[in-house]
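Heads up: the structure comes next, in structure tokens.
There are 2 protein chains.
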Amino acid sequence: MRAMRSTPLYKEVRDQIVQSLVRSEWQPGEPLPNEKELAKRYFVAISTVRAAIGDLVDSDVLVRKQGKGTFVNQHNFRGSRYRFFNVVPNRGSKEPFNRKLISIRKEKADAEAIRTFGLQTTRGGGDLYRMRIKLSARGQAFAVADVVVPIHLFKNLDVNGIPNGDESLYTLYQQKYGVNIIRVVEQLYAVKASSSVAKALSLLPDEPVLEVRRIGYTFYDVAVEQRTTWIQTRDYHYLVTQGAPG
Amino acid sequence: MRAMRSTPLYKEVRDQIVQSLVRSEWQPGEPLPNEKELAKRYFVAISTVRAAIGDLVDSDVLVRKQGKGTFVNQHNFRGSRYRFFNVVPNRGSKEPFNRKLISIRKEKADAEAIRTFGLQTTRGGGDLYRMRIKLSARGQAFAVADVVVPIHLFKNLDVNGIPNGDESLYTLYQQKYGVNIIRVVEQLYAVKASSSVAKALSLLPDEPVLEVRRIGYTFYDVAVEQRTTWIQTRDYHYLVTQGAPG
DNA sequence: CAGTGGTCTAGACCACCGA
DNA sequence: CGGTGGTCTAGACCACTGA
């Protein structure tokens, strides 16, 4: 007979698995041990392991592939859809796009950054990296973004650490720095394009653009990225789907 | 020994439950029979019923309340958060707002409406209702919307069928017409306010506003509402959360 | 207190995958 | 073919709810 427990067993197992992910015991794209082994490892029934894994599949941390195994989710690569990327062309299907780094520099954290990242503010040098990114498709820029990340998670980031290309920044975070963004919160505004944004997007000044202010979180709801994106919505729009087909 | 089945048993049970919902055997807010009874009714194990219910809970059709029962989800009432309503004030917490019907009229369906609603176009009279709605908080309008629904689902809709108030339109659809919207798809654009929108929202003409084009679906992905909302994002924004805390 | 959903077990057989 | 996750059973005890 087992003593009464404060938290359900399967949640403890789930947290153990998350611990292993945080420790990078299993890398993105790699399979976990099979369910029977995990059951032995944690001294629980296989159904309990399945409940734990089910939770992590629901929150997109793991993916199950029948006949193959359970894998650490990898943020999508070129071709397939980008996770958390909701900008699509108004007509025509989803198309590949190009990401280009315009600039990068170190910065001292301001009050807002200290708050969102929970930084200690006593250090001498810069606390943050700030990047300017441009996204384009078919040779035409459709969005620019300002990306801010704390230095302590992205040591030695520089231009070479952020190659241009067509994969998501989050893929880079994951592969080069072990930073997994598993949750984002975005605030959307319609604003007039600033002169620099208008220029980058080939818009008339004061033309409306969609401003998306995002904060990205990793495990345990720790904020690790703050970005603001400006999108021209003449040829593109932001897509939101809520609810699942019944 | 059971014969091989093409679809999993729990999915068949899930579809049976959906059937009952479509037939309104259980009304929104009402409890379903308990899990043991459902297991008897469908001749399956209780875990299979739980898997079926789990699916419907995941897609927000049902809600489980420990110690009480499993209920047909009811679109939220005043005070609590509205489902599918993602507009929140920039500062301060979520606040109650007022919905006001500005106008309503019958219309012949155009090509777009015929496509989205899959209408037969041979009838003589109007095929659609078109409503203009205004949303305000603290006496100040922050959004206006154009709502289009097919007549055949909303017979005898008129001004009295759409009282002003602070509950969601979807609550009305559900309670008065048995129409459950369980999924919405939205396209977001930043546009210049038209003169009528600017006037309604107390903006200067050509000021940027957020345009949200939504299609609402009921069971089996049948489209039942099309609406366009214009939101002023000086005092409000549109909130998107993706992913769950790990 | 009785009734509900929540958790958990220890099995079984199935469908899928790749060598 | 062996190994994986997917489905399913028939129970058990727990925690929560409301009368």
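Protein chains in written order, with my numbering: chain A, 203 to 448; chain B, 203 to 448.
Glycine residues also receive a C-beta, built at the ideal position from the N, C-alpha and C atoms.
Small disclaimer: the values here were computed from a predicted structure and weren't measured.
To the nearest angstrom, how far is it from the Cα of residue i to the Cα of residue j?
| i | j | result |
| --- | --- | --- |
| B/Asp348 | B/Lys296 | 23 Å |
| A/Ser370 | A/Phe286 | 10 Å |
| B/Pro230 | B/Lys378 | 11 Å |
| B/Val390 | A/Tyr438 | For the sequence presented, residue 390 of chain B should be read as Leu rather than Val. One C-alpha to the other measures close to 9 Å. |
| A/Val224 | A/Val263 | 11 Å |
| B/Gly271 | B/Pro233 | 6 Å |
| A/Asp368 | A/Leu441 | 20 Å |
| B/Gly281 | B/Thr431 | Residue confidence is low: B/Gly281 scores 38 on pLDDT, short of 50, so the model does not pin down where it sits. No coordinate-derived value is stated. |
| B/Ile384 | A/Arg416 | 27 Å |
| A/His277 | B/Ala339 | 40 Å |
| A/Val386 | A/Val350 | 14 Å |
| B/Gly380 | B/Ser398 | 33 Å |
| B/Ser261 | B/Gln444 | 15 Å |
| B/Leu303 | B/Gly363 | 10 Å |
| B/Lys394 | A/Thr420 | 36 Å |
| A/Val215 | A/Thr250 | 8 Å |
| A/Pro291 | A/Asn366 | 21 Å |
| B/Phe356 | B/Leu330 | 9 Å |
| B/Arg429 | A/Asn275 | 36 Å |
| B/Leu406 | B/Gln434 | 11 Å |
Looking at the secondary structure, which residues open and close the beta strand (DSSP E) in which residue i lies?
| i | result |
| --- | --- |
| B/Lys336 | Leu330 to Ala339 |
| A/Ile527 | The requested residue 527 of chain A does not occur in the structure, where chain A is confined to residues 203 to 448. |
| B/Phe319 | Note, B/Phe319: premise wrong, no beta strand (DSSP E); alpha helix (DSSP H) at Ala313 to Phe319. |
| B/Lys267 | Leu264 to Lys267 |
| A/Asp437 | Premise fails: A/Asp437 is in no beta strand (DSSP E) and is neither H nor E. |
Could you spell out the range, first to last residue, of the alpha helix (DSSP H) harbouring residue i?
| i | result |
| --- | --- |
| A/Lys401 | Ser397 to Leu403 |
| A/Ala392 | Where A/Ala392 is concerned, there is no enclosing alpha helix (DSSP H), although the beta strand (DSSP E) it sits in stretches over Arg385 to Lys394. |
| B/Ala254 | Ile248 to Asp260 |
| A/Leu241 | The sequence shown places Ala at residue 241 of chain A, not Leu. From DSSP, the alpha helix (DSSP H) with A/Ala241 extends over Glu237 to Tyr244. |
Does residue i come within less than 8 Å of chain A when only Cβ atoms are used?
| i | result |
| --- | --- |
| B/Phe286 | yes |
| B/Thr430 | no |
| B/Gly294 | no |
| B/Gln444 | yes |
| B/Ile417 | no |
| B/Val399 | no |
| B/Thr272 | no |
| B/Ile384 | yes |
Return no unless some Cβ of chain B is closer than 8 Å to the Cβ of residue i.
| i | result |
| --- | --- |
| A/Thr250 | no |
| A/Ser282 | Its pLDDT being 45, under 50, A/Ser282 is placed unreliably in this model, and the value from its coordinates should be taken loosely. No, because no Cβ of chain B sits closer than 8 Å to the Cβ of A/Ser282. |
| A/Pro410 | yes |
| A/Ser261 | yes |
| A/Pro210 | no |
| A/Tyr440 | yes |
| A/Ala392 | yes |
| A/Val426 | no |
| A/Pro447 | yes |
| A/Asp437 | no |
Going by the DSSP bridge assignment, what does residue i pair with across the sheet?
| i | result |
| --- | --- |
| A/Arg301 | A/Leu337 and A/Gly367 |
| A/Lys308 | A/Tyr331 |
| B/Glu427 | B/Gly418 |
Next item on the list: Select from the region 213 to 239 of chain A all residues with a C-beta closer than 7 Å to any C-beta belonging to chain B, and list them in chain order.
Entry: Val220
Note to self: Using a Cβ-Cβ cutoff of 9 Å, what residues of the region 349 to 375 of chain B are near chain A? List them in chain order.
What the structure shows: none
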